[in-house]
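*Asks:* Protein sequences appear in the order of chains F and S. Heads up: the first sequence is residues 71 to 531, going by the working numbering. Heads up: the second sequence is residues -9 to 862, going by the working numbering. For each residue, glycine too, the CB sits at the ideal point set by N, CA and C. Only a predicted model underlies this, so the values are computations on that prediction, with no experimental measurement involved.
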Amino acid sequence: MGDTAIPRLTPREKKGWRLTSILHRLWLLAWVVGMITPSDSSAQSAAASALPTLSGAADITGPPEKVGEALFNLHCVVCHQSGAKGQVGLAPSIRNRDFLALASDDFIRNTIATGRVGTSMMARPDLVENQVTAIIAYLRSLHVENPVTVHVDWSKKYTGDQGAGSVKFQIYCAPCHGPKGEGYAARVVGTGIGLPGFLSVASDDYILQTLKHGRIGTPMQPFLGAKGLANLAEQDVFDIIAHLRHLGENYVPEPAGIYREANPALGTTLFTINCAPCHQAGGEGKIGFAPSIRNRDFLAIASDDFITKTVHEGRQGTGMLPRPDLSEQAVADIISYLRAVPIVVPIDIQIDRQITFSGDKAEGETKYQTYCASCHGANGEGYTIGLPGTSIGMAGFLDVASDDYIFQTLKQGRVGTPMKSFLGSKGLANLQVADTHDIIAFLRTLPSKQASAKPATSDFE
Amino acid sequence: MKRRTFLQCVAATAAVSTTVTKTGWAVPDPDGIELEKNEAPTDILAACPYCGVGCGTILKTQNGRIVNVVPDKDHPTNKGLQCIKGLTSAEAIYVNRLNKPLIRKDMSDPLRGKVSKTKGSYDPSLFREATWEEAEELVADKIAEIVLAEGGNSVGLYGSGQLSLEGQYLENIFMKGVIGSNTIEANARMCMTSAVTGYFKSLGSDTPPTCYEDIELSDMICFWGHNARGAHPILYWRVADYKSKTDIPTLVVDPRRTGTVQGLEEINSAKSYHFPTINGDISIQNALAYAIMEKHPEAVAWDFLKEHTTGWEEYVEAVKKGYNPKDVEDRTKIPAEQIYTVAKVWAEASVKGKQRGTGGVLSIWGIGYNQHLHGQHNTMSLINLLALTGNIGRPGCGPHSQTGQPNAMGERLTGGLTGRLPFNIGLDNPQHRAFCAEQWGIPLERLEKTATMSNTGMAIGMMERALKGEVKAMFLIYATHIDLPDSYHLSRPALTKMFTVVQEIYKDAPNNLYADVILPAATWGEWVGGLYVQSERRLYVVDGTANPVKGCRPDMDMVIDKGKLLAHRLGLNGDKIFPYERKANGFYDPEEVFREFIKASKGTDADLTGILDVEKETGKSPYQQIRDLRGIQWPAPTAAIAKAGGTKRRYMAQEEYWPGKPYGEFRHPDGKLHIHMCHQDYTNYRAITDELAKAGTDPTYFVMDHMDTLVKARDAGLTPELPHGDFLGRKIGSCPKDKYPFWWATGVVYEHFHTAKTIRAGTTKKLVPEMYVEMHPDDAKELGVKDGQWVRIVSRRGEIEARVSIGLDSVVKPARNTVPKGFLFSPWNLSVADSADPKKNKWLANGTTHRAFDPVSGQADFKKCAARVELL
């Protein structure tokens, strides 16, 4: 990437810049999408092939960096990629010589604890202190070529002119970081440096040092001095910092609700950043990992509300984390992308969300164990215990899935997935309608069973 | 990412219980069955024990016992899906198991003309328990005596496509090398040999050229006489999913409106074609060729024909002369305009594929298409049409044969059949004979002598020879005799006369009825393991717990032990031929055998030696390589090919990295695909079937002595019987006793695999518990029978009882298919689901079927017999 990724700009009038900015952004968008839609993320295929058995009972033990590696591979790798090398447009490189030289442990710790509101970097307060310590130990243990030492003064403050900074920011920073520093969400290659999350942990000196040293191996080059990308003086940087602080203070989250027509193009980017790491490019899913959701049969059965609720509330206990940070508008955009999937042989399924069936739980248990448990687990654990079926016994799913949703799924199956129709003589198991009602009645009992089960303790306590 | 830790932590967050329940697919209670140990690994990788699709499955164990199986989401064939049979396969393992060798008190002694009076019963009081040593010594003594007195060819073996590749390989060495017999057959004979011999004749090698991925590349998919929805569900679902996504046209040629036909029509009926023919496949293919040449010349691959085939001129001429669709409707049973419609679709798909460089017409068939008097011609005729339209030698098109047994391809590759050596080469090839004798440690003269022996009529001929007294002893290994036709007049009296040794798992298995010695075998899952080869040439592990029911031994171990013993008795060096020792776990290591197999494959068109090169390079054992890649498709002649998972497709230089591409075009010495015109001519139909009617009804008539009649029937594309259609429409009980007005077909039902395990597995037994006969509503009305009523189906040779099942609303499960008028269908799977005891057994489908067979492939036709319906 290197130089070609950096649009060379010369100072000019703001208005004139806007036109070029649109062109640049279109170009960058194509570049970003091209960069971050690999059909098979190497990290995940490595994960699949590194699966020796499915029992998964072994504890993680060993020196902190080993524990940290395991934790990283569990919690971070999906976005930050194997070895923390990052992926432009998706998640920044953090095994990076310059990042590791600049970022203090506290900086990383705070970032993990609070996340970056407005980006796909979730707050992870669930990671306890010694877990975070282990992850940091892992990052610090990663080999970097020609390490450097940079002193960052975390308390120092610089004084700059926000007005002047605004102009400079638009010229030098906005092409990559977005006009308000929104970062990846604005479909640009730069990170979200105008967002309050970043600004709350990044000291003035941290920003200055970043502009001074750049980030080796990323599109972020040094900007300061004659050798810099733009020959900025320190005062220019102070002005830019002042403007950044201004942006952070005036950050307005996207308004609630849906206030414009859903945009499938925007949805594509949002999907790529937020969903594709698990659900794969094109939403095709990966069996045992994340289900196929850009799928004719799923989309015929799942309503927009179903999807929105699933995104916002997640599926507790599975890899599907709640994403309340994605606005209703953003989810609507994502849904419009999902629904734009080309369908050659359409189907039409009407779901009656009000209807409830009255099956027999006891009968349903036997039938569930006979026909469903091999793929979905005896208690509907699904992927979480290494099975090819989804986690249908968990509250997260059952709270949003109506009886008819489950029935229609059993009737129709999901094209292109292991979930086949189970109903009637053409089904996988010749189930009768009454059988499915029994199974649904049993499924509804599963969340309370799981709630009463003894919680497992964390590996690190 | 470390998947395991991911799962673990997610599971921990969810705080869910992961206990395996005892209900449902969990295996039934032990029933007093004791295992060797109380421990075994869990999450064992295996191929499903049932059909030839070869789904990856994972065995779950507790305390050494298999408690469940789950589909392997990382296996490229099934990607996390399995059908109801595979999913319930663990249910049939610890049920009514034999655990001690048994010796019949009143044994048959063919050398002295003694026939046991107690055969036909497996009552425990008729047997005495024996130690392994005693039973093995007895078998060795008896067999050695017979070999020395009557020659090796008087000993037969009926093997299995359920046995591991390693067991099959050793079995062949045992028979052809040690015993010196060419009388070695297997249930593959009733399954796939028509495809085998068709491939040989057309392509020069028994190499299915395609792979499953071709489904997702094709522009049109045809199922010839193949109800994939029932017999090979995962294959069907892959096709159905692809059709749902892309709307490709499909053709099903099948007399019944099967689940396959209906399922594809549900996706898009406008692009789903169904030819309900009976026996008309060859005429249909020739008529399609005619229509394509007439109306769509752009789809004819003249360049391909000229450069890569022989015999095309005669074929083109004969088709043009004799197969105008309008003139052959009497044989196709399909109106000419429908032939033209499909010809257009076929032509469009062929042109698309040619232009794109991938795709075209993929033609899939299964067992039913092979089970014809002209089964070999069925394969050749289909390849003719594919060659004419250039649908071969390119990804996304070609002929794809789907085996019935999970390791029928292993039986074929190891040459465990009359006249075959391993690696697709005949016993009549002197160089390969010398090579094998060297590899096997057998004196060359011995193999030379075996090569002079004949087994006319193959599996059926072997039983007829036994009736004549020529074959005196028989080994049945992981195979049942009830898959052979005409049970009451052929296999059962033959096994009664012979000294019969069976390796069995169940106490009430039908083989035990005729066994002199019963050896308790370890079955799939609980054995040590080995390899299966599925229909796309994929070798895959069938690892087991190595913890069988106490007292049982794996079949491969039994082959080695009896091989060593008999070699010694016959003056051979058993330790050289079988250089294997038991390991610490008490069993032989199949991987050692596999290494020998790999070495012996060097230089053949099934060369696997790249796997050993990879082992040298990386230290990874052959099985581990196969596990990690979830299978290797033969051939794998170099390390690079082995590392890439073998060879997906064959012919036309599709074996990309094979240096020099020694088998790059086609396998015939001239490198060409050989087109042979296949005909159908019904002129002498009645006369020929009248003669064949003597089989099974006249005890002096042996089909093997009338090969000329079989050749005549084959060349005219006939069936073994021709119903008396004039007598259709009569009320039940009023049809003359010598008339058989209905077409009578036996086949399979989705819920069951063959006749042994799924009828003992609780779930599948419950889903389809009883013998039924599918009948057209008009026939039922004319006969005066109702849906659900029990009737008798009577053929010239026997009868069964079955419940009438009419249409999709029948009260009799599964009610999945409909049949044309004048046509009856029953699943043979339920043959002994009532009881194997002949006094109680009323469902033995092959008691009714005809023993006539294809003169080259040896395969019988179980689907075109004649029958009448009588009151119970």
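List the DSSP bridge partners of Ser163 (chain F).
*Replies:* Translated into the one-based positions of the first sequence, residue 163 (chain F) becomes position 93. DSSP lists no partner for Ser163 (chain F).
*Asks:* With burial defined as no fewer than 16 other Cβ atoms inside 10 Å of the residue's Cβ, what is the status of Glu303 (chain S): buried or exposed?
*Replies:* What you label residue 303 (chain S) is simply residue 313 of the second sequence in a count that begins at 1. Its Cβ having fewer than 16 others within 10 Å, Glu303 (chain S) is exposed.
*Asks:* Just checking, does the region 168 to 182 of chain S make contact with the region 390 to 403 of chain S on the three C-beta pairs under 8 Å criterion?
*Replies:* yes
*Asks:* Pick out whichever of S:Asp131, S:Thr108 and S:Met443 has its Cα sitting closest to the Cα of Asn172 (chain S).
*Replies:* Your numbering for residue 172 (chain S) matches position 182 in the second sequence. When C-alpha distances from Asn172 (chain S) are compared across S:Asp131, S:Thr108 and S:Met443, the shortest belongs to S:Met443.
*Asks:* Whole angstroms is fine: what's the gap from Arg882 (chain S)'s alpha carbon to Thr487 (chain F)'s?
*Replies:* Missing from the structure shown is residue 882 (chain S); chain S here goes from -9 to 862 and no further.
*Asks:* If you run the structure through DSSP and keep just helix, strand and coil, what is Tyr641 (chain S)?
*Replies:* Here residue 641 (chain S) refers to the residue found at position 651 when the second sequence is read from its first residue. Three-state DSSP puts Tyr641 (chain S) in coil, outside helix and strand.
*Asks:* Please report how far the alpha carbon of Ala333 (chain S) lies from the alpha carbon of Met390 (chain F), in whole angstroms.
*Replies:* Stepping through the second sequence from its first residue, residue 333 (chain S) is reached at position 343. Stepping through the first sequence from its first residue, residue 390 (chain F) is reached at position 320. Answer to the nearest angstrom: the Cα atoms are 49 Å apart.
*Asks:* Please name the residues in the region 500 to 511 of chain F whose beta-carbon is closer than 7 Å to at least one beta-carbon of chain S, in chain order.
*Replies:* Those would be Asn500, in chain order.
*Asks:* Looking at chain F, is there any beta carbon in it that lies within less than 8 Å of the beta carbon of Gly737 (chain S)?
*Replies:* Stepping through the second sequence from its first residue, residue 737 (chain S) is reached at position 747. With a threshold of 8 Å between beta carbons, Gly737 (chain S) makes no contact with chain F.
*Asks:* Under 7 Å between beta-carbons, which chain F residues line up against Ala805 (chain S)? List them in chain order, please.
*Replies:* Taking the second sequence and counting its residues from 1, the one referred to as residue 805 (chain S) is at position 815. Here the neighbours are Ser495.
*Asks:* Closest Cβ-Cβ distance between Val541 (chain F) and chain S: below 8 Å?
*Replies:* Limits of chain F in this structure are 71 at one end and 531 at the other, which puts residue 541 (chain F) out of reach.
*Asks:* Let me know the secondary structure DSSP gives Ser444 (chain F) once reduced to three states.
*Replies:* If you number the first sequence from 1, residue 444 (chain F) lands on position 374. If DSSP states are grouped into helix, strand and coil, Ser444 (chain F) belongs with the helices.
*Asks:* List, in order along the chain, the chain S residues whose C-beta lies closer than 9 Å to that of Asn486 (chain F)?
*Replies:* Against the first sequence, residue 486 (chain F) aligns to sequence position 416. As written in the sequence, residue 486 (chain F) is Gly, which differs from the Asn given in the question. Simply Asp231, Tyr232, Ser234 and Lys235.
*Asks:* So Asn258 (chain S) contacts chain F; which residues on that side make the cut at Cβ distance below 8 Å?
*Replies:* The count along the second sequence starts at 1 and reaches residue 258 (chain S) at position 268. By Cβ distance, chain F contributes Val415.
*Asks:* In the DSSP assignment, find the unbroken alpha helix (DSSP H) run with Trp302 (chain S) in it and report its ends.
*Replies:* Looking up residue 302 (chain S) in the second sequence gives position 312. Note, Trp302 (chain S): alpha helix (DSSP H), Trp302 to Gly312.
*Asks:* From Leu700 (chain S) to Phe843 (chain S), what distance separates their C-alpha atoms?
*Replies:* Here the question's residue 700 (chain S) lines up with position 710 in the second sequence. Here the question's residue 843 (chain S) lines up with position 853 in the second sequence. Looking at the two C-alpha atoms, the distance is approximately 7 Å.
*Asks:* Does any residue of chain F bring its CB to less than 8 Å from the CB of Trp355 (chain S)?
*Replies:* As a position in the second sequence, residue 355 (chain S) is number 365, starting the count at 1. No, Trp355 (chain S) does not count as interfacial toward chain F.
*Asks:* What is the rounded straight-line gap between the Cα of Leu212 (chain F) and the Cα of Gly153 (chain F)?
*Replies:* The sequence position of residue 212 (chain F) within the first sequence is 142, counting from 1. The sequence position of residue 153 (chain F) within the first sequence is 83, counting from 1. For Leu212 (chain F) and Gly153 (chain F), the distance between alpha carbons rounds to 8 Å.
*Asks:* Take Leu602 (chain S) and list the residues in its own chain whose beta-carbon comes closer than 6 Å to its own, dropping the five residues that flank it on each side.
*Replies:* Counting from one through the second sequence, the residue named residue 602 (chain S) turns up at place 612. These residues qualify, in order along the chain: Ile588.
*Asks:* Here's the rule I'm using: 16 or more other beta-carbon atoms within 10 Å means buried, otherwise exposed. How should Lys496 (chain F) be labelled?
*Replies:* For the purposes of this step, residue 496 (chain F) is taken as the residue at position 426 of the first sequence. Answer is buried; the Cβ neighbour count reaches 16.
*Asks:* Considering only the beta carbon of each residue, do Leu363 (chain S) and Leu708 (chain S) sit closer than 8 Å?
*Replies:* Within the second sequence, residue 363 (chain S) is the residue found at index 373, counting from 1. Within the second sequence, residue 708 (chain S) is the residue found at index 718, counting from 1. Result yes, Cβ atoms of Leu363 (chain S) and Leu708 (chain S) sit closer than 8 Å.
*Asks:* Could you check what DSSP says for Val242 (chain S) in three-state terms: helix, strand or coil?
*Replies:* Mapped onto the second sequence, residue 242 (chain S) falls at position 252. Note: Val242 (chain S) maps to strand in three-state DSSP.
*Asks:* Excluding the 5 residues preceding and the 5 following Leu101 (chain S) in the sequence, name in chain order all residues of the same chain whose CB lies nearer than 8 Å to its CB.
*Replies:* Start at 1 with the first residue of the second sequence, and residue 101 (chain S) comes out as number 111. Answer for Leu101 (chain S): Glu135, Ile136, Ala139, Glu140 and Lys462, listed in chain order.
*Asks:* Quick one, which residues of the region 466 to 487 of chain F are near chain S if we go by CB-CB under 7 Å, in chain order?
*Replies:* Val485 and Gly486
*Asks:* Listed from N- to C-terminal order along the chain, which residues in the region 62 to 90 of chain S have their beta-carbon within a distance smaller than 9 Å of any beta-carbon of chain F?
*Replies:* If the cut-off is 9 Å between Cβ atoms, the region 62 to 90 of chain S has Asp62, Lys63, Asp64, Asn68, Lys69, Gly70, Leu71, Gln72, Cys73, Ile74, Leu77 and Thr78 near chain F.
*Asks:* Considering only the alpha carbon of each residue, which of S:Ala37, S:Thr673 and S:Leu207 lies closest to Ala80 (chain S)?
*Replies:* Sequence index remark: in the second sequence, residue 80 (chain S) carries index 90 (1-based). For the residues S:Ala37, S:Thr673 and S:Leu207, the minimum Cα distance to Ala80 (chain S) belongs to S:Ala37.
*Asks:* Measuring straight from C-alpha to C-alpha, what distance separates Asp597 (chain S) and Ile622 (chain S)?
*Replies:* As a position in the second sequence, residue 597 (chain S) is number 607, starting the count at 1. As a position in the second sequence, residue 622 (chain S) is number 632, starting the count at 1. The straight-line gap from Cα to Cα measures roughly 12 Å.
*Asks:* Please report the residue range of the beta strand (DSSP E) in which Phe465 (chain S) lies.
*Replies:* The residue you call residue 465 (chain S) lines up with position 475 of the second sequence. It spans Ala463 to Ile467 - the beta strand (DSSP E) in which Phe465 (chain S) sits, taken as one unbroken run.
*Asks:* Using a Cβ-Cβ cut-off of 7 Å (strictly less than) and excluding sequence neighbours within five positions of Arg543 (chain S), which residues of its own chain qualify?
*Replies:* In the second sequence, the residue the question calls residue 543 (chain S) occupies position 553. The answer, listed in chain order, is Ala511 and Ala512.
*Asks:* Just the Cα atoms here: how many angstroms apart are Ser184 (chain S) and Trp624 (chain S)?
*Replies:* Within the second sequence, the letter at position 194 stands for residue 184 (chain S). Within the second sequence, the letter at position 634 stands for residue 624 (chain S). The straight-line gap from Cα to Cα measures roughly 21 Å.
*Asks:* Helix, strand or coil, according to DSSP, for Arg95 (chain F) in the structure here?
*Replies:* Position 25 of the first sequence holds residue 95 (chain F). Here Arg95 (chain F) scores only 39 on pLDDT, less than 50, and its place in the model should not be relied on; the value that follows carries that caveat. Here Arg95 (chain F) sits in helix by DSSP.
*Asks:* Does Ile357 (chain F) get closer than 8 Å to chain S when you measure Cβ to Cβ?
*Replies:* As a position in the first sequence, residue 357 (chain F) is number 287, starting the count at 1. Yes, Ile357 (chain F) lies at the interface with chain S (some Cβ there is under 8 Å from its Cβ).
*Asks:* What do you reckon, are the CB atoms on Met667 (chain S) and Ala308 (chain S) nearer than 8 Å?
*Replies:* By 1-based counting over the second sequence, the position of residue 667 (chain S) is 677. By 1-based counting over the second sequence, the position of residue 308 (chain S) is 318. A contact, by the Cβ cut-off of 8 Å.
*Asks:* Could you check what DSSP says for Met765 (chain S) in three-state terms: helix, strand or coil?
*Replies:* In the second sequence, the residue the question calls residue 765 (chain S) occupies position 775. Reduced to three states, the DSSP call for Met765 (chain S) is coil.
*Asks:* Report the CB separation of Thr393 (chain S) from Cys181 (chain S) in whole angstroms; it is logged as a contact under 8 Å.
*Replies:* Along the second sequence, read from residue 1 onward, the residue named residue 393 (chain S) stands at position 403. Along the second sequence, read from residue 1 onward, the residue named residue 181 (chain S) stands at position 191. Contact holds; Cβ gap of about 6 Å.
*Asks:* What does a CB cutoff of less than 7 Å around Arg484 (chain F) pick up in its chain, not counting 5 residues either side in sequence?
*Replies:* Within the first sequence, residue 484 (chain F) is the residue found at index 414, counting from 1. These residues qualify, in order along the chain: Ser362, Asn365, Asp367 and Phe368.
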